[in-house]
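**Q** Those sequence lines, one after another, are chains D and V.
Counted the way the numbering used here counts, the first sequence spans residues 194 to 559.
Counted the way the numbering used here counts, the second sequence spans residues 194 to 559.
Note that beta-carbon positions come from the ideal geometry of N, C-alpha and C, so glycine has one too.
2 protein chains.
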Amino acid sequence: MPGPGQDAHGEEPRFLRACRGLPVDRVPVWFMRQAGRSLPEYRAARGSGSILRAIADPELVAELTMQPVRRYGVDAAILFSDIVVPVAAIGFGVDVVAGRGPVVAEPFRSAADLGRLRPLEPEQDTPAVPQAVRLVVELLRPLGVPLIGFAGAPFTVASYLIEGGPSRTYARTKALMHGDPELWAALTDRLADLAVASLRSQVDAGATAVQLFDSWAGALSPQEYARFALPASTKVLGALAAADVPRIHFGVSTGELLPQMAAAGADVLGVDWRVPLDLARQRAGPGRAVQGNLDPALCLAPWPVVEEAALDVLARGGGTGHVFNLGHGVLPETDPAVLERLVTLVHDTPVGEAGAAGRTPGSVAP
Amino acid sequence: MPGPGQDAHGEEPRFLRACRGLPVDRVPVWFMRQAGRSLPEYRAARGSGSILRAIADPELVAELTMQPVRRYGVDAAILFSDIVVPVAAIGFGVDVVAGRGPVVAEPFRSAADLGRLRPLEPEQDTPAVPQAVRLVVELLRPLGVPLIGFAGAPFTVASYLIEGGPSRTYARTKALMHGDPELWAALTDRLADLAVASLRSQVDAGATAVQLFDSWAGALSPQEYARFALPASTKVLGALAAADVPRIHFGVSTGELLPQMAAAGADVLGVDWRVPLDLARQRAGPGRAVQGNLDPALCLAPWPVVEEAALDVLARGGGTGHVFNLGHGVLPETDPAVLERLVTLVHDTPVGEAGAAGRTPGSVAP
């Protein structure tokens, strides 16, 4: 009898099969930020300390990573961590402030700051990360549930280093990339190396898929993306090709960037709710799976609304080559019971039978 | 000899001709938020008082509206105002906080709050608005420069009333629209009436074009837009049809919504920098002009970067049926000299000769 994450078609978990475009017994489902503030057991285990300190504790990381797997029965776990962990570990001076996000005391300003970005030695600099991966993989093995490792894409991490924190306009980041393209290339190349080192260490420790978060790439025009984000992200995803694990590539507001994000070397394109999934698949091109894309804000609406929207996502996803997820992270105010019902709904809906056959891609009329 | 905003082809200003898709001697140009904190003369005239108090002073509004016309020689003025002026005027309890935006002390929560949204009587409730329009129109007449009136679209205004201020997720707004669609329809219908009353009074006082700002509609999926934003925006734009002034319809991150925003009754589609303008025109469909779409953050980059990007915008705009603008408002830290050079560049570039003939719409390769 297959474990919760295992596919009735074979030993390989359905999440990994979906990432590879293989037939699945059910559409797999997990949620970005499934571990986190929406869970009471998370708040109990985490307390009020710094998130970076929590991430340095492998047992705690393993517990936080496992919580949503136990509660929801999702088809994949994702390591509890943060995209700034590598830059923080090499001493760039990054903190993560609750309710605000990463904050950098001395932002990246000039070529002199490149010296603050030495290579990452994962086993020395972030020993808790591979330790936690090994712990989690052991806990997941009997369940047949794979672990996703992750890293921040060079553009998104660079935006934090340059802006000093979250931004609405990315004005300083854009001024630097356009004003000093060589420095930008050097910066993002170093950040690519950090991401590769971190992802490789997670895969070596047992993660069987990776997600590259380029959360804020949607702030770029397609021309900017081509010149300033694509090269370093291609380097990261290319370096993982030999590891033979599915590579998920995700960002928000990236509707116009999907062809390029696919070309960067993604096996799976993560899509937010702005682009209907059938249209996203067209833009991604053949041979790629899609992940998404229920609006996380919808999870605060009454259940019939969530259900209808989730079935629409399943219909547009087409059953094969689709990993069900939200279009961005779980909102902290989400009722875990809604996510629980979502997992049940996705698992109870026969593959390819969510309706809407023959729908025009991207159409909004019923 | 034609005035600065007038078209050599005839009496009608080139901005209005471009909105109607008629041939122009030069592509017209103006900038969203061209009046504002980026101008030293604005900071001098405005002082540090509340923006809503400034908007209640017709002479001050006229001065602030004229400043960018004098400095830049733009082809259109836009009334200095704010999208929350109508709801503030009828006593909903809205303030505009510097650096934060509109803030609502008692947000909209239930049907009882509909009683706080009575109809707007522009001449009584916002007398300074038509007064300022009349003053500005007199000042603009010798220059041959038209005045754009504007209003906030029902979805975007509703989001402020419900969230109580700016939001990243619009979670409360979406919870209300999905959880109580009838209340949402009633709310946005009232906000549509407010927008219509305000726009009509601006047109009656002499504005010869209008822009409906649905700045945050890009947070919606196409399905949500169709059901929850389109009806009220269609009402607003439809009510202005008889006025026979060009109707510009603008939002950010609206790439997937452009066909619907056009169908709502737009003569001109305002587009942010995420969608190449040639692709935006395809999505808008025939018979509509486009406005945009230089990234405002790019104006902080060195001039050769701005110039290259602006020429690309002109090339993709195609010369006819294109109003040059930024893809969103001028950033406060923008050097006015850059905007001045941009106006000169746009006016010095012969129509249809910015290059890139035969480019595939939306392509990013040279």
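1) Using the Cα positions of L538(V) and A201(V), report the straight-line distance between them to the nearest angstrom.
2) Going straight from the alpha carbon of T513(D) to that of F517(V), what length do you get?
3) Near A351(V), which residues of its chain fall below 8 Å by C-beta distance, leaving aside the five closest residues on each side in sequence?
4) Residues of chain D with a CB under 7 Å from the CB of W466(V): which are they?
5) Please report the distance separating the alpha-carbon of E205(V) from that of Q199(V).
6) For a contact meaning CB atoms closer than 8 Å, what does H371(V) contact in chain D?
7) Let me know if Q227(D) comes out buried or exposed under the rule of 16 or more other beta-carbons within 10 Å of its beta-carbon.
8) Under a three-way DSSP split, which group does D218(V) fall into?
9) If we cut at 8 Å on Cβ distances, does T362(D) have a partner in chain V?
10) Does R552(D) get closer than 8 Å to chain V when you measure Cβ to Cβ?
11) Over the uninterrupted beta strand (DSSP E) stretch that includes A344(D), give me the two end residues.
12) Tell me, please, which residues DSSP counts as bridged to D288(D).
13) I want to know whether the segment 287–297 of chain D touches the segment 240–259 of chain D - three or more CB-CB distances under 8 Å.
14) Rounding to the nearest angstrom, what Cα-Cα distance links R236(V) and G229(V) in this structure?
15) Taking all protein chains shown into account, do 16 or more other C-beta atoms lie within 10 angstroms of the C-beta of A270(V), making it buried, or fewer, making it exposed?
16) Quick check on I190(V): does DSSP put it in helix, strand or coil?
17) Taking I441(V) as part of the beta strand (DSSP E), name the residues at either end of that continuous run.
18) Can L405(D) and R440(D) be called in contact, C-beta distance under 8 Å?
19) Given P415(D), which residues of its chain have a CB within under 8 Å of its CB, disregarding the five upstream and five downstream residues?
20) Using alpha carbons as the reference points, say which of Q484(V), D407(V), I355(V) lies closest to T349(V).
21) Can you name the start and end residues of the beta strand (DSSP E) that Q453(V) belongs to?
22) Going by CA-CA distance only, name the one from P335(D), A344(D), A298(D) that's closest to R274(D).
23) What residues are listed by DSSP as bridge partners for Q404(D)?
24) If we ignore side chains and look at the alpha-carbon of each, how far apart do A457(D) and P197(D) end up?
25) Suppose you measure from the CA of A281(V) to the CA of E356(V); what does that come to, to the nearest Å?
26) When you compare only the Cα positions, how much space is there between G551(D) and Y418(V)?
27) Helix, strand or coil for I463(D) per DSSP?
28) Can you tell which of S446(D), Q260(D), V338(D) has the C-alpha that lies nearest to the C-alpha of E533(D)?
29) On the three-state DSSP scale, how would you describe H134(D)?
30) For P335(V), is the classification buried or exposed, using 16 other Cβ atoms within 10 angstroms of its Cβ as the cut-off for buried?
31) Using a beta-carbon distance cut-off of less than 7 Å, what residues from the segment 424–449 of chain D approach chain V?
32) Per DSSP, what kind of secondary structure is A237(V) in: helix, strand or coil?
33) Quick one, which residues of the segment 519–531 of chain V are near chain D if we go by CB-CB under 8 Å, in chain order?
34) Can you give me the C-alpha to C-alpha distance between H442(V) and A459(V), rounded to a whole angstrom?
35) In chain order, what are the residue ranges of uninterrupted alpha helix (DSSP H) at least 4 long that sit wholly in the segment 362–402 of chain V?
36) Using a cut-off of 8 Å between C-beta atoms, extract the partners of A368(D) located in chain V.
**A** Result, derived from the coordinates:
1) 18 Å
2) 44 Å
3) F301, T366, W377, L380, T381, L384
4) S414
5) 6 Å
6) L491, A494, P495, V498
7) buried
8) coil
9) yes
10) Confidence in R552(D) is poor, its pLDDT being 49 and thus under 50, which makes the residue's placement unreliable; the coordinate value appears in the next sentence. Output row for R552(D): interface = no.
11) 340–345
12) V296(D)
13) yes
14) 8 Å
15) buried
16) Outside the displayed range of chain V (194 to 559) lies residue 190(V), so it cannot be described from this structure.
17) 440–443
18) yes
19) E449, L450, Q453
20) D407(V)
21) It is not in any beta strand (DSSP E) - Q453(V) instead sits in the alpha helix (DSSP H) that spans 451–456.
22) Strictly speaking, residue 274(D) in this sequence is Ser, with Arg absent from that position. Comparing Cα positions, the closest option is A344(D).
23) F343(D), I441(D)
24) 32 Å
25) 16 Å
26) Annotation note: pLDDT 42 at G551(D) (below 50); position unreliable, coordinate value reported separately. Roughly 22 Å separates the two Cα atoms.
27) Per the sequence shown, the amino acid found at residue 463(D) is Gly instead of Ile. Three-state DSSP puts G463(D) in a strand.
28) Q260(D)
29) Coverage of chain D is limited to positions 194 through 559, which leaves residue 134(D) absent and any answer about it impossible.
30) exposed
31) S446, G448, E449
32) helix
33) L524, E526
34) 6 Å
35) 364–372, 374–397
36) A490, L493, A494
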